[in-house]
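Protein chains: 2
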Amino acid sequence: MRILVVEDEVDLARTLHTGLTAEGYSVDLSHDGRQGLWMARTGEYALIVLDLMLPGLNGYKVCAQLRREGIATPILILTAKDGDWDQAEALDTGADDYLVKPFSYLVLVARLRALVRRAAAVAPPVLAVGDLSLDVAARVCRRAGTRVDLTPREFAVLELLARRAGQAVSKADLLYHAWPDEAEDPNLVEARVSALRKKVDAAFRRRSLQTVRGIGYRLVDDRERD
Amino acid sequence: MRILVVEDEVDLARTLHTGLTAEGYSVDLSHDGRQGLWMARTGEYALIVLDLMLPGLNGYKVCAQLRREGIATPILILTAKDGDWDQAEALDTGADDYLVKPFSYLVLVARLRALVRRAAAVAPPVLAVGDLSLDVAARVCRRAGTRVDLTPREFAVLELLARRAGQAVSKADLLYHAWPDEAEDPNLVEARVSALRKKVDAAFRRRSLQTVRGIGYRLVDDRERD
DNA sequence: TGCACCGCATGCGCATTCTGGTGGTCGAAG
DNA sequence: CTTCGACCACCAGAATGCGCATGCGGTGCA
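If you're matching them up, the sequences are chains H and F in order.
The numbering of the first sequence is UniProt numbering, which starts it at 1 and goes up by one.
The numbering of the second sequence is UniProt numbering, which starts it at 1 and goes up by one.
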């Protein structure tokens, strides 16, 4: 169970890291909003603990942006501020819970567990778009029940498209999520999508991976006629 | 029938040891939370008696961690505290029963027997994936009924893979669970898996230990056709 | 002291990915 | 409707890095 902690105060970050690790979670740390956003985008976290006051990009914005991208990972906001406005604002941008500093460690862990449990009860373990399914845990892709072998990069690309099924996903976003470092060449994406189409579309006489000219790609249920 | 008692009060620990041994159980003692967790992880116990107040790592955490790792050994919590919060919290982390000190020895034994009986009725004593079976208590591995000798490390690796059958398990996870300390070299895992494949796959012309490139490995029932 | 097990290092083989290029397609403007 | 430019699909060869296997030596246990 992997948790992302985005917190710039070094002491608190370290405390959380130690404590949560002892609780048995795998903890990734980010001290900066922009990097936190980038890490959260992968969608691999069971939970995100997010400070509001951050260098780079503040917590509100990180939160709002993630929701806008369709990433539903539960978010627990930490903040030194208090007051109704603050809280309303945070929950409004899509956070799931809210904790004002200083807080009891036990309370944090309890809330955090509750969030994880609630999310696990809701979130389906497989991403499905029409008869195309991605089992993210097992790293298995199926079309109409038959297995399709994908390479790691192919899987990462298809995963993001599936998480935002029906929406156009820019090549920049795909590069961001599915490539390491600072890859920028759109042809990288085009080449992977080309390979994907062969495996998940052409082999089944389907057309679920659509090009959105000037933007990127979109994954749809192509059996729906519109 | 082997029982693990994690209790730091020396007198009580000794009493339990003597009493339970007289009842015909094999009793292992740990006086410390972290060591207790490590011993419990082997999954070889029919029951764990766990004090809440412990040095090293408290009982809640030990309990929660074990459940998180998929270890379903029944846990009986002992505590000097009382109050609803305490109890709710304990059962919430996955304990099966709860006893407040001071307690009657007869009551302890009765509850303990009930737990063992209930667990024996529910939990299968062996992990099975297809015709590959792991008897965690006896540390015995079988393929299609014939015994396969595994080294301790091999067993630990295969055990985690079996507990998460069908899912991709990262090398980092395998290192964390099956190696002591802070091992990090992925080649350690690769080498063990290589040995495992010889014993449980190649020797039987099977392919149940699959590589998930870029991630780690996956244990499947390879007789299923896809 | 002998043996089994495991850490560590190495080299090989190969799947995967990148690169650059060519030809095709789309859509807007004339 | 035609033309033009931009954008995209796809290919083939090259490069990269991952995973596999293996041997050696250390270590701990009997």
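Yeah, the Cβ is synthetic: ideal placement off N, Cα and C, and Gly gets one too.
Check residue i in the structure and name its three-state DSSP category.
i	result
residue 194 of chain H	helix
residue 128 of chain H	strand
residue 5 of chain H	strand
residue 28 of chain F	strand
residue 146 of chain F	strand
residue 98 of chain F	strand
residue 212 of chain F	strand
residue 173 of chain H	helix
residue 181 of chain H	coil
residue 62 of chain H	helix
residue 222 of chain F	coil
residue 113 of chain H	helix
residue 200 of chain H	helix
residue 140 of chain H	strand
residue 72 of chain H	coil
When you compare only the Cα positions, how much space is there between residue i and residue j?
i	j	result
residue 133 of chain H	residue 175 of chain H	22 Å
residue 226 of chain H	residue 41 of chain H	Its pLDDT being 49, under 50, residue 226 of chain H is placed unreliably by the model, and nothing is read from it.
residue 150 of chain H	residue 171 of chain F	19 Å
residue 139 of chain F	residue 159 of chain H	38 Å
residue 114 of chain H	residue 204 of chain F	45 Å
residue 72 of chain H	residue 143 of chain F	42 Å
residue 66 of chain H	residue 33 of chain H	12 Å
residue 131 of chain F	residue 197 of chain F	15 Å
residue 222 of chain H	residue 147 of chain H	19 Å
residue 152 of chain H	residue 213 of chain F	7 Å
residue 2 of chain H	residue 96 of chain H	17 Å
residue 201 of chain H	residue 209 of chain H	7 Å
residue 28 of chain H	residue 128 of chain F	33 Å
residue 193 of chain H	residue 26 of chain F	59 Å
residue 44 of chain H	residue 21 of chain F	47 Å
residue 157 of chain H	residue 206 of chain H	18 Å
residue 36 of chain F	residue 24 of chain F	21 Å
residue 118 of chain F	residue 94 of chain F	15 Å
residue 107 of chain H	residue 64 of chain F	16 Å
residue 199 of chain F	residue 141 of chain F	10 Å
residue 39 of chain F	residue 104 of chain F	27 Å
residue 98 of chain H	residue 52 of chain H	10 Å
residue 190 of chain F	residue 211 of chain F	10 Å
residue 109 of chain F	residue 76 of chain F	11 Å
Looking at the unbroken beta strand (DSSP E) that takes in residue i, where does it start and where does it end?
i	result
residue 169 of chain F	168–170
residue 216 of chain F	216–219
residue 52 of chain F	No beta strand (DSSP E) holds residue 52 of chain F; DSSP gives it neither H nor E.
residue 79 of chain H	75–79
List, in order along the chain, the chain H residues whose C-beta lies closer than 8 Å to that of residue i?
i	result
residue 213 of chain F	151, 152
I want to verify the contact list: residues of chain H whose CB lies under 9 Å from the CB of residue i, in sequence order.
i	result
residue 167 of chain F	135, 137, 138, 139
residue 218 of chain F	138, 139, 140
Just to make sure I have the definition right: I need the residues of chain H whose C-beta is within less than 7 Å of the C-beta of residue i. Which are they?
i	result
residue 163 of chain F	Near residue 163 of chain F there are no residues of chain H at all, since even the closest Cβ is about 13 Å away, more than 7 Å.
Which residue comes first and which comes last in the alpha helix (DSSP H) that contains residue i?
i	result
residue 155 of chain H	152–163
residue 36 of chain F	33–41
residue 14 of chain F	10–22
- Message: Contact between the stretch 160–170 of chain F and the stretch 211–224 of chain F is defined here as three or more beta-carbon pairs at a separation below 8 Å; is this criterion met?
- Response: yes
- Item | the stretch 56–74 of chain H / the stretch 9–19 of chain H touching (three or more Cβ pairs under 8 Å) | no
- Is it a yes or a no for the stretch 3–10 of chain H touching the stretch 43–50 of chain H, going by three-plus beta-carbon pairs under 8 Å? yes
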